[in-house]
Amino acid sequence: MPAISNAMRRLLTVVPASRLFEDAVVAAAWAPSVSVLDLTRHDGDLRGFDGGFSDGAHGYLVPSSWYDGKVARFNLTDFSSVDTLDLRLTDAGLTGFAGGFTDGDHGYVVPYFNGVPFGKVARFALTGFGNPQVLDVSSTETAFRGGFTDGTHGYLAPSLAMGMPAKVVRFTLADFGNVEAFALSRDHEFVGGFTDGEYGFLVPNNGGGFERGKVVRFTLMDFDIASVRELHLPLIAFAGGFYDGDWGYVVPCKDDSGTDSGKVARFRLSAFDGADVLDLGLTDADLKGFWGGFLDGDYGYVVPNRHGKAARFLLLDFATVEILDLTAFDVDLKSFRGGFAAMGHGYFVPNHNGADFFGKVVRFSTTTASSSTTRTSSTSTTSTTSVTTSSTRSTTST
300 MPAISNAMRR LLTVVPASRL FEDAVVAAAW APSVSVLDLT RHDGDLRGFD
350 GGFSDGAHGY LVPSSWYDGK VARFNLTDFS SVDTLDLRLT DAGLTGFAGG
400 FTDGDHGYVV PYFNGVPFGK VARFALTGFG NPQVLDVSST ETAFRGGFTD
450 GTHGYLAPSL AMGMPAKVVR FTLADFGNVE AFALSRDHEF VGGFTDGEYG
500 FLVPNNGGGF ERGKVVRFTL MDFDIASVRE LHLPLIAFAG GFYDGDWGYV
550 VPCKDDSGTD SGKVARFRLS AFDGADVLDL GLTDADLKGF WGGFLDGDYG
600 YVVPNRHGKA ARFLLLDFAT VEILDLTAFD VDLKSFRGGF AAMGHGYFVP
650 NHNGADFFGK VVRFSTTTAS SSTTRTSSTS TTSTTSVTTS STRSTTST
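Residue 697, in our numbering, is where the sequence shown stops; the numbers in between run on with no holes.
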């Protein structure tokens with residue numbers, strides 16, 4: 300099917316209202332217990348990760364394009380026992396991943412860049428922390444950055460590395476095969492995604508041209524371009540997201556000028572026709588430039604990527620903001636990439652702290668009450684667009 304022209308796109312555009320919380324909160328720092336696990340004391344190579352996940356007993360950290368192929372695992376109970384799995388012993392090209400997930404039996408890491416964009420998905424057994432396997436999806440001719448699972452399939456979020464086409468790719472978990480893909484516009488670029496069980500959502504990052512700042516939604520059942528809708532957020536670049544049952548949330552990274560942004564956006568999963576925006580930077584000017592986030596209980600958490608100040612916000616009012624300055628515990632604790640919640644704690648994944656790649660995992664309690672106070676928020680209206688697009692679909696089997 301031919302691509303839709305810009306003129307036709309304008310005819311298909313719906314412009315709902317979006318609320319911007321301009322004066323949402325006065326917040327005090329919350330005071331959780333904080334612990335640090337320095338992985339480099341166990342293995343000097345365990346630093347510079349990009350994403351992580353938990354199986355309920357262990358935390359797993361994804362080796363990034365900046366260092367090597369060693370997956371790190373640590374025990375959540377004692378927060379001290381550390382194991383490593385070197386994927387390069389299975390395939391020398393298994394380095395440079397970005398993001399990962401688990402289906403309960405295996406851990407999966409998403410291929411990104413190992414000197415060039417590459418397409419080898421790796422998985423390993425959680426029990427025994429071994430038996431690595433490789434699924435080569437290079438035939439889709441797509442680069443990736445992050446992914447998620449619905450319990451049946453693994454989904455890979457397309458990246459525009461080296462100008463490769465943007466295709467949404469999935470594979471079956473049971474046989475670690477049966478690869479499918481459909482093409483989006485070349486102008487799309489994403490960092491991660493999530494699912495509510497009915498739809499898959501892809502989180503927009505930099506991109507270019509008309510497609511910048513667009514969350515993409517597709518139906519899991521159909522998995523084709525005909526089911527795709529787009530929600531245009533005029534805030535441009537996000538990095539990761541999550542949902543709480545009714546709302547989807549995307550984590551702010553940069554604005555359209557390329558400077559760090561602190562504007563969290565949320566949208567209703569069912570309607571998918573508008574967004575609310577919470578500007579964390581109005582609470583503290585440093586609360587900008589995050590990479591990844593997660594939900595735990597009543598709060599959403601965003602992971603500091605350009606500094607050491609973590610933030611959480613109350614899901615109920617999307618206004619109450621609380622701050623945790625990690626550099627007050629250790630000056631190295633800044634610039635993380637991704638995180639997760641497990642067993643009443645949040646975990647931040649160490650990446651590069653401005654001086655070097657580092658390996659200090661941060662753990663903090665998520666159940667501690669805070670002393671924040673709020674005041675009534677004022678709102679203003681900004682525009683956002685939702686549009687349905689067409690393109691071609693392709694299927695590849697391995």
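The C-beta atom is built at its ideal place from N, Cα and C for all residues, glycine as well.
Item	Value
Member of L483, E488, G414, L614 whose CA lies at the smallest distance from the CA of Y542	L614
DSSP-derived helix/strand/coil call for S353	strand
Alpha carbon of K587 to alpha carbon of V408, nearest angstrom	27 Å
As assigned by DSSP and simplified to three states, the class of N650	coil
Length of the line joining the Cα atoms of A627 and A482	46 Å
7 Å CB neighbourhood of D495 in its chain, flanking five on each side removed	Y542, L568
Boundaries of the beta strand (DSSP E) in which K419 is found, first to last residue	419–424
Pick from Y600, V630, H606 that is closest to T619, judged by C-alpha positions	Y600
Segment limits, beta strand (DSSP E) that includes T567	According to the sequence provided, residue 567 is Arg. The question's Thr does not apply to it. Its beta strand (DSSP E) spans residues 562–567.
Backbone CA spacing between F348 and G392 [nearest angstrom]	17 Å
Whole-number beta carbon distance between L434 and G476, since they are thought to touch under 8 Å	7 Å
CA-to-CA distance, A397 to L438, given in whole angstroms	According to the sequence shown, residue 438 is Ser rather than Leu. Each residue's Cα considered, the two are about 19 Å apart.
Reduced DSSP category for L586 - H, G, I as helix; E, B as strand; rest coil	coil
Given 8 Å, three or more beta-carbon pairs between the region 574–587 and the region 520–527	no
Beta-carbon proximity check, F589 vs P551, cutoff 7 Å	yes
Cβ shell of A442 (< 6 Å), same chain only, five flanking positions each side left out	P416, S458, A460, M463
Top-ranked residue by Cα proximity to A538, from K562, R372, M520, F517	K562
Closest Cα partner of R346 within the set G418, G547, A570, V370	V370
Length-filtered (3 minimum) beta strand (DSSP E) runs lying within the region 447–505	452–458, 466–471, 476–482, 489–494, 498–503
Where the beta strand (DSSP E) containing D337 begins and where it ends	333–337
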